[in-house]
Structure formats: C-alpha cells, structure tokens
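Only one structure is covered here, and it is reproduced in the block below.
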Amino acid sequence: EADDPTLALSAIIEEVAEAVFSFPMLSDEFCATLLNEIDGYAASGLPRSRPNSMNKYGLILNEIGMEPILDDLTQRYLLLVSRLCFPIEGGAIDRHHSFVVEYEQGHDLGLDMHTDNSELPAHAPA
C-alpha cells in the first residue's frame with residue numbers, strides 16, 4: 005500500500021555491512037536548525053556536561069531542552085527503522101542518550117576502541 009511507511013523506508017535503507025544500515029534521516033533544514041540551537045547554547049556560556057567518557061567537547065542535547073523533540077523523532081521514525089532492520093529485537097526503544105561531539109584539531113586526539121551500551125546506536129555525521 006502506498007501509505008505504508010515500512011515500504012517507503014525499505015526503499016531507502018541500505019545494509020552497508022552485516023547489521024549496519026545507512027539511510028537519509030535528517031533534512032538539511034532540520035540539521036541547520038539543530039546546529040543553530042547548539043551554537044546558541046555554546047555562545048550562552050551556560051555549563052555543559054561531557055557527552056560521554058571519551059569526548060570532552062560536545063553537548064548532551066537532553067540537558068538543553070531538546071529531549072521532547074528527540075523523543076518524538078525516536079518514537080515516530082527510529083522505532084520504525086529499528087523494527088524493520090531488527091525484527092526480533094528491535095520492537096521497542098525505551099530511552100535515548102542524544103548528544104553531539106565536537107572534533108577540532110588539538111582536542112580529543114584519540115578515540116580508543118570502545119563499545120556502545122546501546123541496542124540501536126544511531127549516528128548522524130555532519
């Protein structure tokens with residue numbers, strides 16, 4: 005059926021390695037708006053927490069009021085992708101830890117081997 009979001013998603017998701025999928029997710033407009041919010045927060049001088057144990061430079065998006073929009077994005081879109089790509093284990097997403105990291109010459113010089121404590125890590129490169 006033409007209105008089935010699963011069919012539309014199936015057409016744009018590519019498995020690039022075993023259990024690793026790639027697909028367009030965020031529009032240029034959404035990315036620009038998100039970056040504008042991040043830059044605005046950074047310019048405010050308000051405190052920020054490290055996004056994880058490996059990166060000193062970045063921002064936890066839930067801590068700056070973005071949790072509701074990211075909850076919506078997760079439940080409306082990423083959950084569908086999760087169910088499609090991982091039909092057995094991908095039926096639920098109960099929370100998210102959404103953050104951005106900054107990479108700049110001279111900062112965070114190494115990213116050691118690590119594992120994500122996540123059922124569905126989703127990365128949106130800039």
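Quick note: the sequence shown uses my numbering, first residue 5, plus one each step. Just so you know, even glycine gets a beta-carbon here, dropped at the ideal spot from N, CA and C. Quantities reported herein were computed from a predicted structural model and do not represent experimental measurements.
Using the Cβ count rule (16 or more neighbours within 10 Å means buried), how would you classify Gly110?
It counts as exposed.
For Gly44, count the other beta carbons within 10 Å of its own beta carbon; 16 or more makes it buried, fewer makes it exposed. Which is it?
In this structure Gly44 is exposed. Its beta-carbon is surrounded by fewer than 16 other beta-carbon atoms within 10 angstroms.
Roughly how many angstroms separate the alpha carbons of Leu142 and Glu93, rounded to a whole number?
In the structure as shown, the chain starts at 5 and stops at 130, and residue 142 therefore has no counterpart that could be examined.
Measure the alpha-carbon distance for Ile42 versus Arg54 and round it to whole angstroms.
Taking the straight line from one Cα to the other gives about 14 Å.
Which same chain residues, not among the five before or five after Glu18, have their C-beta less than 6 Å away from its C-beta?
Closer than 6 Å at the Cβ level, and outside the excluded window around Glu18, lie Ser26.
Taking the alpha helix (DSSP H) that Ala36 belongs to, which residues open and close that run?
Per DSSP, Ala36 belongs to the alpha helix (DSSP H) from 32 to 48.
Please state whether the Cβ-Cβ distance between Ser102 and Asn56 is less than 8 Å.
With respect to the 8 Å criterion, Ser102 and Asn56 are not classified as neighbours on the basis of their beta carbons.
Give a yes or no on whether the C-beta atoms belonging to Leu83 and Pro9 are separated by under 8 Å.
One thing to note: Leu83 has its Cβ no nearer than 8 Å to the Cβ of Pro9.
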